[in-house]
Every structure is written in C-alpha cells, then in structure tokens.
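So the structure is just underneath, and the comments pick up after that.
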C-alpha cells in the first residue's frame, strides 16, 4: 500500500472516530442542558456503548499498525505526522485496557455526572462523594494497566501536557513563587 493509500485509510478512520466523538459530545451537551434527568440511566448506557465502539476503533490492531507505519513514514507531512504520533501514543496507552472495563468506566463517569448535578441542586455533596471515590479508584485501575515505570500522577500529567512531570512543575512553580512573592 502506498503512503497516499495509507493516508486515505487514516483520514477515513479519523472521520469515523470523529463521528462517534461528535455523537458523544452532543449527548453530553444535551445531558448538561435540556435532556430530562429521568432518562439519565437510558442515556448513560447508550453513551457507554458508543464509547466502547470508539474504543474498538481506536485500538483496532490493523489501525494501530497503520498508525505506526505512517508515524515512521518520511513522506507524511508534519501536520499529519504530529496527529498520527498522538493517536498512536493514545492507542498504545489504551491497548492494554480491557474494553469492558473501559466501557464500565465511561458509564461510571456519566452516572457520577448525574449524581453531581443532583448533589448541586440539593446542595448535598454526600450524594456525589461515593461516585467521586469510585471514579478516582477506577481511573487508577485503568492507568495501572499501562506498562509504565512512571507514577500514575506523572502518567496523567504527561497525557494532558506531553513531556511534563511533577519535577518540571515543581521547578516551574518554585521559579514563579520566587518572582511573584516579592511583588505581592
């Protein structure tokens, strides 16, 4: 397969993934705005299913192989190459997670959002507290599947700000503190 054919396949994959992501985003926005709370369980189950389908697309072995080939292909332009590198990293980080656990986590996140909305409306944090604990424990479990020598916290920092870790942030905030404290 030529690079052009591989890129076509990659762009088709991106389109399909973005369609699932768009559907999930719309459901999420509806949930936060106009969707009736009585339909939360129904909606959460379907959202988790869609998240599972997206998970399958993103971790498909054929797609991961394609991403690796394109990542290492010198004919791929810089913009596509960077996006491909990020998708490949995400796939490699996600491949080790069992799909059923990923889907359960997504469902838990939706349920905890429902609990958060209810807790806010009743000004009662205790409604949300058990969900928060479950989300944190589930997140730790998912990160635990990764083959990484980094702490879970450093893995999370690297996911949200590639290349960053506790030491770099400590150094940054210490420098910031040195300059800001005298001004304040």
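In the working numbering, the protein residues as written are 372 to 555. For each residue, glycine too, the CB sits at the ideal point set by N, CA and C.
Pick helix, strand or coil for residue i, following the three-state DSSP scheme.
i	result
residue 372	coil
residue 536	coil
residue 406	coil
residue 418	helix
residue 519	coil
residue 495	coil
residue 434	helix
residue 469	coil
residue 555	coil
Got a sec? Which residues, its chain only, sit under 7 Å from residue i by beta carbon, not counting five neighbours each side?
i	result
residue 491	none
residue 392	425
residue 464	517
residue 398	414 and 418
Buried or exposed: where does residue i fall if 16 or more other Cβ atoms within 10 Å of its Cβ makes it buried?
i	result
residue 500	exposed
residue 453	exposed
residue 413	exposed
residue 476	buried
residue 557	Because the chain in this structure spans residues 372 to 555, residue 557 falls outside the shown range and cannot be described.
residue 511	exposed
residue 381	buried
residue 373	exposed
residue 455	buried
residue 539	exposed
residue 473	buried
residue 518	exposed
residue 495	exposed
residue 449	exposed
residue 390	exposed
residue 430	buried
residue 379	exposed
Can you list, in chain order, the residues of its chain whose CB lies under 8 Å from that of residue i, leaving out five sequence neighbours each side?
i	result
residue 459	435, 438, 439 and 442
residue 384	428, 434 and 437
residue 408	485, 488 and 489
residue 513	468, 472, 473 and 476
Can you find the residues in the same chain that come closer than 6 Å, C-beta to C-beta, to residue i, ignoring five residues on each side of it along the sequence?
i	result
residue 481	415 and 418
residue 516	467 and 468
With a threshold of 7 Å, establish whether the CB of residue i neighbours any heavy atom of the ligand NAD.
i	result
residue 449	Annotation note on the ligand NAD: not contained in the displayed structure, which lists no ligands.
Q. Which whole runs of the alpha helix (DSSP H) in the segment 436-467 are 4 residues long or more, in chain order?
A. For the segment 436-467, whole alpha helix (DSSP H) runs of length 4 or above, ordered along the chain, are 449-465.
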